[in-house]
Amino acid sequence: MKKILLILLVLCFSLNTATAFGSKKNAKEIAEQIPELKNVSCTFTQKKTRGDIELNSGGNFQFIKDKGVVFETMYPIHMITGYESPRTKHINDIILAVAKKDYTYLDKNFDLNFTKLDDRWQLVLNPKKDVIKKHLHSVTIDGSKEDIDRIFIDTVNSGQTEILFECGKN
Amino acid sequence: MKNFLRILFIGLFLTLAFFALKNPAKTETNILRTVVPQKQSNLLDLSNMYSAKINVLIEGEEPEEVSDTADKFEKLAVQNNLKSISVDGNKILELYKKSRGGLLSKDTAKLLEKNDYKKVKENTIEMIYNPLGFSLLEPEEDPFLLFTDYIMNLGDNINPDSIINHNDKYYRILNYEFDKNIALSPALLNKQVKKIIKLQKSLSKNGVEVYLTGTPVHSYYASSRSMIEINLIGIISAVFVLLLCLNYFKKVQVLIPIAGSILCGALTGYFATALMFPAIHVLTFVFSTTLIGISVDYSLHYFVCKTEDKNGEDVIKDIFRSLSVSLLTTISAFLVLYFSHTELLRQIAVFTITGLVTVYLFVVLFYPLISQKIDLNNSTPQVRWNFAFSPEKTKKILIAMAIITLSGMFFVKTNDDIRSMYKPSKKLVEAEKTFAEVAGINPKTSFVVVEGKNLQEVLEKEEHIATLLGNTKYQAISRYIPSIKTQQKNRALMQKLYETEISPYTTALSASSKVPAGDYLEFSKENFPFLENFFLGANKTLMILYDFDNPDVIKQIPGTEYYNVREDISNLVKECRVNCAKLLIPVFILLYALLAAIYKPENAVKIILPSLCACLFTTGLLGLLHIELNLFHVIAMFLIIGFSLDYSIFRFNGEKLVRDAVFMSCMTSAFSFFLLSLTGFKLISSLGFVLTTGLLSSYILSLLLIPKEE
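Chain order of the listed sequences is A and B. Converting from the first sequence to our numbering requires adding 260 to each position, the first position being numbered 1. Converting from the second sequence to our numbering requires adding 18 to each position, the first position being numbered 1.
Shown next as structure tokens:
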């Protein structure tokens, strides 16, 4: 009886870890699980960390499903970074690919890890290609239901960027 | 004597065949070669740039479906010899890194030239705070993020791997290129495109549509459709000629010498053209099929006059004058084409003249021998088709034709756009339109060809041109590899910035105040294979400009040539059309002089008038039907003269029986051209329509203007 209980416990633990720590699946399977993302307007706070240096900023954020993201940084400087800017293009393309479930693009460029617990989900993208790997460790997108709550970008040269969103649907 | 001439004829034919087949001429399929002279080879190179490229556009309601289909297409495309156009980004980025000391984006270089360091620093801070921004180098290596700025500004707007949203639909674009070996062989290329089309059809399902665009796709559809149509027309025409001859001569054997003479004429025409030109244009073959129509006249003329009581030699004696004058006038018309500056017209002239002379000699020398073997039973010769019009009817028809001609002349419009010669299917047009919209391709593209003593001089010129372009978007090698002069200048600007602005920000990051040393970035095929397409020669490159409308500023720069391919080709077509139209006048004068010398001036007017009026009537009819006059309509006028003058000469000279030959000849030719006018290829249908109208009207006019008694 004890043996059976032990086996059951091991089985339960395996299942939990598989869900909690994510499983490496192909992009198509994962894309099917990602909820449909909606257009949203939010406020955001950003923390960029590199070694001992920490830079904080914040402002307004907009996600337009078919086009991408727009950040209006309000402090410490004012600037608008739209999806058309060449400086944001690469990360914007990744977010768009997730939103559009463009798994050909995702599969070509990233190894994906997707986890889901109740309404909360997390997608971790690890670059496959050397050209991306040399500059980007990973991109993590956390969400609940159809919203993105957090984006964490871990770069090779520019440290880590954590962006938190406080959203109200459009 | 005649036997000697026969042996000489065979000897000459075999000698021509030997030399022509020893070094066979290539077949030229590029339609632009018909109007673009060799000295304008840049224009041909530009138009050939996209000849092996094929674009695949996948459309769907849901992005997942599009992505899925793109995935399948990519996997299957590899099996079909399609190689995707890709760039080894990692390798290139490493090369750029090594030379980063001389690389600045256009905007940053401008700021540094103005010593606007404040703005440069503001930009750096913006890049640091940019939530989605990142640095390609450690901050110590690139404190102002100038390298990241340079690289980020290099890219295009569309990521080749991503899905595009357009008009509530989702798209993926895949770009492919065929291997050069395949691209250079039209047969191989068509075979490969056929496989891709099969793939397209198999993946276009469940709400997903796969579109194919690009030159190879157009070539495939145009050539497959033309092949079906030409084969069908060939069969229908052959059946028509067979039935006509059977009806008239009651013997099938009569077709054997006719076919033999035409085959002999066509082969000699080919041999002579192959010996005189390095490559024969495919349109020369198309136009030269009209040789059949002209040369069949001689054969019909002979067989109609060959009665039981006459031997072959007597028949030749009777018709010798008519045949010779007809040959002379046709040769004169085509000889003028030889002196034009258009290679296609010169080839047509050589092909047709040698072909016609051969058929003429074949009829004169060999028909008397051959006809001994054919029993025509033409014992009771009588005219079958002897059309005659009363003076009143003649007057009415002439007035009607004059009204059509004159009124139509007011509506005559010309169109020299070479694209109007070919009308693709609706589906292909739609695919091209959607592709251009989704890919954001600006239809107003122009080119600058830049030449210099060495590549560095070329790059410097390109950079100078770039400064004149304002906000115009462009593609050029210098965008990816600046000249060494610019790299030196950038290095100096960067060094000055570093020295002046060793700010707390940079010191905090322990940044070096020296611009990194490193080799200058230089072009090599191994490192930058994707830039090879910009080269038209070792020291000759290409700049592609989008939506640029001030070419005059570029045209003044020595060593550069500005091209707007569509406009330039249209101008060349126009030049060719005008030159051809101008040649029509000397052709008529020459023919009149010839005919006047043979038949007296007043009779020459009667003979030449039907052809002249047929040309005018056809032009008027085109105007009345709002069909825009193009180069090929004008070329067709020469063929009308070549054909129709024979009708008048035979009618003027001939015995009554010859009228049957003229009628049969007109009917066979007009019927063949009528079928051609129904084809989908605009160029061929233009020719077919004009020749049908021209031949029928000239035949009717010859009946009206040359009365029976003549």
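Using N, Cα and C, we set each Cβ at its ideal position, and we do this for glycine too. Source: prediction; values computed, not measured.
Alpha-carbon spacing of residue i relative to residue j, whole angstroms
i: S123(B); j: T490(B); result: 16 Å
i: N175(B); j: E344(A); result: Note that N175(B) scores 49 on pLDDT, short of 50, meaning its location in the model is unreliable and no value can be drawn from it.
i: L379(B); j: F606(B); result: 26 Å
i: M294(B); j: V381(B); result: 26 Å
i: A290(B); j: K389(A); result: 60 Å
i: C684(B); j: S313(B); result: 12 Å
i: L713(B); j: V652(B); result: 14 Å
i: L315(A); j: S222(B); result: 50 Å
i: L341(B); j: P386(B); result: 15 Å
i: S418(A); j: V74(B); result: 37 Å
i: L694(B); j: K219(B); result: 30 Å
i: A614(B); j: L563(B); result: 58 Å
i: T360(B); j: I702(B); result: 19 Å
i: N671(B); j: T347(B); result: 14 Å
i: E77(B); j: G119(B); result: 44 Å
i: V533(B); j: K327(A); result: 38 Å
i: I502(B); j: L155(B); result: 23 Å
i: I169(B); j: T559(B); result: 23 Å
i: P346(A); j: G641(B); result: 54 Å
i: T421(A); j: I290(A); result: 24 Å
i: F27(B); j: F699(B); result: 38 Å
i: N133(B); j: Q513(B); result: 12 Å
i: S397(B); j: V270(B); result: Confidence is the limiting factor: at S397(B) the pLDDT is only 49, short of 50, which leaves the residue's position unreliable and the question unanswerable from this model.
i: T309(A); j: M334(A); result: 19 Å
i: A196(B); j: Q97(B); result: First, the amino acid is wrong: residue 196(B) is Phe here, not Ala. For F196(B) and Q97(B), the distance between alpha carbons rounds to 12 Å.
C-beta atoms of residue i and residue j nearer than 8 Å
i: L130(B); j: L539(B); result: no
i: S404(A); j: V384(A); result: no
i: L477(B); j: S496(B); result: yes
i: N108(B); j: V391(A); result: yes
i: L663(B); j: F691(B); result: no
i: V235(B); j: I371(B); result: no
i: S666(B); j: S588(B); result: no
i: I413(A); j: I351(A); result: yes
i: I724(B); j: K618(B); result: no
i: A240(B); j: Y440(B); result: yes
i: D565(B); j: K462(B); result: yes
Closer than 7 Å at the beta carbon, the chain E residues around residue i
i: D125(B); result: Annotation note: the requested chain E is absent from the structure, which comprises protein chains A and B.
Near the ligand ADP: residue i beta-carbon under 7 Å from a heavy atom
i: K507(B); result: Among the components of this structure there are no ligands whatsoever, and the ligand ADP is therefore not found.
8 Å Cβ shell around residue i - same chain, five flanking residues per side excluded
i: S117(B); result: Q505, G536, D537, Y538, L539
i: P296(B); result: A43, K44
i: T578(B); result: V466, V467, V468, E469, K479, I483, I572
i: A331(B); result: It should be noted that the sequence gives Glu, not Ala, for residue 331(B). P386, listed in sequence order.
Cutoff 6 Å; reference residue i; Cβ partners in own chain excluding five residues on either side
i: Y610(B); result: A622, I626
i: V259(B); result: T686
i: A278(A); result: Low per-residue confidence applies at A278(A): pLDDT is 35, beneath 50, and the placement is therefore not dependable, though the value from the model is reported in the following sentence. Cβ neighbours of A278(A) beyond the five flanking positions: none.
i: G232(B); result: K71, I72, N73
Residues of its chain near residue i, where Cβ-Cβ distance is below 7 Å and the 5 sequence neighbours each way are ignored
i: L639(B); result: I422, G426, T711
i: S279(B); result: S313, S317, V377, F380, V381
i: C263(B); result: V272, L273
i: T518(B); result: Y135
i: N369(A); result: P387, K388, K389, I392
Handout entry: Selection of the stretch 86-101 of chain B by Cβ proximity to chain A, strictly under 8 Å
Key = The residues in question are D86, A88, D89, E92.
Handout entry: Minimum length 3: unbroken beta strand (DSSP E) runs contained in the stretch 212-266 of chain B
Key = Taking only runs of at least 3 residues, the beta strand (DSSP E) segments lying wholly in the stretch 212-266 of chain B are 227-231.
Problem - Length-filtered (3 minimum) beta strand (DSSP E) runs lying within the stretch 325-357 of chain A - result: As far as the stretch 325-357 of chain A is concerned, its whole beta strand (DSSP E) runs of at least 3 residues are 328-335, 339-341.
Practice task
Could you list the residues in the stretch 452-479 of chain B with a C-beta less than 9 Å from some C-beta on chain A, going in chain order?
Solution key: Per Cβ criterion, the list is empty.
Handout entry: Whole runs of the beta strand (DSSP E) within the stretch 291-324 of chain A, excluding any shorter than 3 residues
Key = Listed in chain order, they are 300-310, 313-324.
Handout entry: Short-range partners of chain A found in the stretch 134-155 of chain B, where Cβ spacing is below 9 Å
Key = Going along the stretch 134-155 of chain B in chain order, one finds E140, I143, E144, M145, I146, Y147, N148, P149, L150, G151, F152, S153, L154, L155 with a Cβ nearer than 9 Å to chain A.
Practice task
Please list the residues of the stretch 359-379 of chain A that have a C-beta atom closer than 9 Å to any C-beta atom in chain B, keeping them in chain order.
Solution key: Here the close residues are A359, K360, K361, D362, Y363, T364, Y365, L366, D367, K368, N369.
Problem - Against chain B: residues of the stretch 326-341 of chain A by CB proximity under 8 Å - result: Correct list: D326, K327, V329, F331, T333, P336, I337, M339, T341.
Problem - Within 9 Å of chain B by C-beta, residues of the stretch 294-316 of chain A in sequence order - result: Within the stretch 294-316 of chain A, F304, Q306, K308, R310, I313, L315 place their CB atoms closer than 9 Å to a CB of chain B, listed in sequence order.
Problem - Short-range partners of chain B found in the stretch 386-399 of chain A, where Cβ spacing is below 8 Å - result: Listed by position, the residues of the stretch 386-399 of chain A near chain B (Cβ gap below 8 Å) are K389, D390, V391, K394, H395, L396.
Exercise for the section: Would you mind listing the beta strand (DSSP E) stretches within the stretch 440-507 of chain B that are 3+ residues and don't spill past its ends, in chain order? Expected result: Qualifying beta strand (DSSP E) stretches, in chain order: 463-469, 491-493.
Problem - Residues within the stretch 342-354 of chain A neighbouring chain B, beta-carbon criterion of under 7 Å - result: Listed by position, the residues of the stretch 342-354 of chain A near chain B (Cβ gap below 7 Å) are P346, R347, T348, K349, I351, N352, D353.
Problem - Contact residues within the stretch 289-303 of chain B, judged by C-beta distance below 7 Å to chain A - result: Listed by position, the residues of the stretch 289-303 of chain B near chain A (Cβ gap below 7 Å) amount to none.
Handout entry: Proximal residues, the stretch 426-446 of chain B versus chain A, C-beta separation under 8 Å
Key = Against chain A - using a Cβ distance shorter than 8 Å - the stretch 426-446 of chain B contributes no residues.
Exercise for the section: With a floor of 4 residues, list each alpha helix (DSSP H) that falls wholly inside the stretch 654-695 of chain B, ordered by position along the chain. Expected result: As far as the stretch 654-695 of chain B is concerned, its whole alpha helix (DSSP H) runs of at least 4 residues are 676-695.
Exercise for the section: Let me know the beta strand (DSSP E) ranges lying completely inside the stretch 57-84 of chain B, each 3 residues or longer, listed in chain order. Expected result: Listed in chain order, they are 71-78.
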